[in-house]
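In our numbering, each residue carries its 1-based index in the sequence shown increased by 2. From the three backbone atoms N, C-alpha and C, an ideal C-beta is built for every residue, glycine too. Take a look at the structure below.
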Amino acid sequence: MGEGRVQGAVGVACSQDPSDPSSFSGTPSGILAGLRALGVDGRPVAATLPTRSQQGLEAALAALALRPAQLGRPLRDAYRENQSRLVASRPLEAARNLLAARAARRSGAGAFIQFGTDFRLPAGSAYVTYDDQTVVQALRSGQYPWARALSAEERVRVVERQRQVFAGAIACCVGSEWAARSVCADYGIPTDRVRVVGFGARDLQAPVGERDWSRPRFLFVGRDWTRKNGDRVMRAFAELRRRVPAATLDLVGEHPPVEAPGVTGHGVLALGDPADQTVLAALYARATCLVVPSLHEPAGIVYVEAAAAGVGSIGTTSGGAADLVGEGGRVVDPEDDAALLTAMTRFADPATARAFGERAHAGAASSTWTAVAGRLLAALGGVTAAAPPAAASQTDTTGT
3 MGEGRVQGAV GVACSQDPSD PSSFSGTPSG ILAGLRALGV DGRPVAATLP TRSQQGLEAA
63 LAALALRPAQ LGRPLRDAYR ENQSRLVASR PLEAARNLLA ARAARRSGAG AFIQFGTDFR
123 LPAGSAYVTY DDQTVVQALR SGQYPWARAL SAEERVRVVE RQRQVFAGAI ACCVGSEWAA
183 RSVCADYGIP TDRVRVVGFG ARDLQAPVGE RDWSRPRFLF VGRDWTRKNG DRVMRAFAEL
243 RRRVPAATLD LVGEHPPVEA PGVTGHGVLA LGDPADQTVL AALYARATCL VVPSLHEPAG
303 IVYVEAAAAG VGSIGTTSGG AADLVGEGGR VVDPEDDAAL LTAMTRFADP ATARAFGERA
363 HAGAASSTWT AVAGRLLAAL GGVTAAAPPA AASQTDTTGT
């Protein structure tokens, strides 16, 4: 299908509310905003129930999935394990498929951008997928509780579900070259149907310009303290602080209580809370380096947001972060303490931190949600609202 301007409304579909800025780190809402900035009628398509109903459904399915072998264990542990395994639940998938079909019809959209592959759009839908990593990559990382909870059979099932969604798409869009390689190698999708479209940064309205580069101000932003490697950052900073007593570290996310010289904890700053986001913008505005060397990072929108604010980053070699950090920073082996300390020491030099910040900001021009939405529309090609192509269909909507 040749590329052209998509006509009519475009739905943004995911298994949470796409219009909610807290859903999936704000990615679906960013896409919606980008589409509308381009003059396209972007419409949310939520394959989910209202929050309380969805939580009740998932709780019921977790309870019903209790097995005899779990009855001798603490009920809470068994219940949590089953909640993690819901990613492979046939009943939950079937429910999401039905909800997606209903939401897609109500949206009136003729083409869709599907974020995530834990549901299927109605047969005959014209859509592209958009992911930060594949299920195979998530399973390999060993960093996600839901992945560790799955049986071998369930792992095969969730990979096959994703393969079918990929196979029915006009194009499979991803945030990085790292993810693109998996779509091709692990799922057999031809390279000409895979597009690397990057990620966008939310407009935090963090002022870019002169800041005090003379004092190293490190910033850590990560909700998952363990996966984002928070403890290792703390250890590296403690050593750096001994060498550079003026250095500071601000922590954002679900971090433990901290009482360390130069470290300030800010807790979770909610994506949907304007006051919290004002605080985050101020932290970006005065930071001289973002340091998030995650044990595994599919992409890391924080690197893009830091770049938009004129801040360079220390990222991770595990996952697709290198594409987002680019020339505006450095990536390190997340388990190499010496490498992390060396990188932080380098950023403690004012001239170096400033140079990385300038390069990061220069590269951020193409990392807006408007630019990403444009690349997703290009991947959709000449789809019209009236005639979605039959070739791009998901044939199985039963979830079985």
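| Check | Outcome |
| --- | --- |
| Length of the line joining the Cα atoms of A262 and V167 | 48 Å |
| Distance CB(I303)-CB(R204) smaller than 9 Å | yes |
| The region 29-48 / the region 280-289 touching (three or more Cβ pairs under 8 Å) | no |
| Paired residues, beta bridge with I316 - DSSP | V293, R332 |
| Residue closest to A187, alpha-carbon to alpha-carbon, out of R288, L343, G269, Q135 | Q135 |
| Where the alpha helix (DSSP H) through L94 begins and ends | 92-109 |
| Neighbourhood of C308 by C-beta, 6 Å cutoff - its chain only, sequence neighbours within 5 removed | The sequence given here has Ala at residue 308, not Cys. Contacts found: L292, S315. |
| E299 in three-state terms, based on DSSP | strand |
| Reduced DSSP secondary structure (H/G/I, E/B, other) of Y305 | helix |
| Residue from V198, G170, D194, E162 whose Cα sits closest to the Cα of E179 | V198 |
| Beta-carbon contacts of P30 that lie in its chain and below 7 Å, excluding the five residues immediately before and after | V14, C16, P20, F117 |
| Euclidean distance between Cα positions of R348 and F121 | 45 Å |
| Cut-off 6 Å between Cβ atoms - residues of its own chain near S405, not counting five sequence neighbours on either side | What the structure shows of the chain is the stretch from 3 to 402, and residue 405 is not part of that stretch, so it cannot be assessed. |
| Rounded separation between R217 and P352 - CA only | 7 Å |
| For K230 and T266, the rounded distance between their alpha carbons | 17 Å |
| Rounded straight-line distance, which links the Cα of G312 to that of G211 | 8 Å |
| CA-to-CA distance, L221 to A323, given in whole angstroms | 17 Å |
| A96 to L343 span [Cα, whole Å] | 48 Å |
| Spatial neighbours of V403 in its chain, beta-carbon cut-off 6 Å, leaving aside the 5 residues before and after | Absent from the model: residue 403. The displayed extent of the chain is 3 to 402, so no value can be given. |
| Per DSSP, cross-strand counterpart(s) of D352 | Per the sequence shown, residue 352 should be read as Pro rather than Asp. DSSP output for P352 lists no bridge partner at all. |
| Within the region 113-167, ranges of the beta strand (DSSP E) (whole runs, at least 3 residues) | 113-117, 129-133 |
| DSSP three-state assignment for T193, whether helix, strand or coil | helix |
| DSSP state of L221 mapped onto helix, strand, coil | strand |
| Terminal residues of the alpha helix (DSSP H) in which R38 lies | 29-39 |
| DSSP-derived helix/strand/coil call for G177 | coil |
| Identified DSSP bridge partners for T266 | D252 |
| Buried versus exposed, by CB contacts within 10 Å (16 or more), S127 | buried |
| Own chain residues within Cβ distance below 7 Å of T193, not counting five before or after | C186 |
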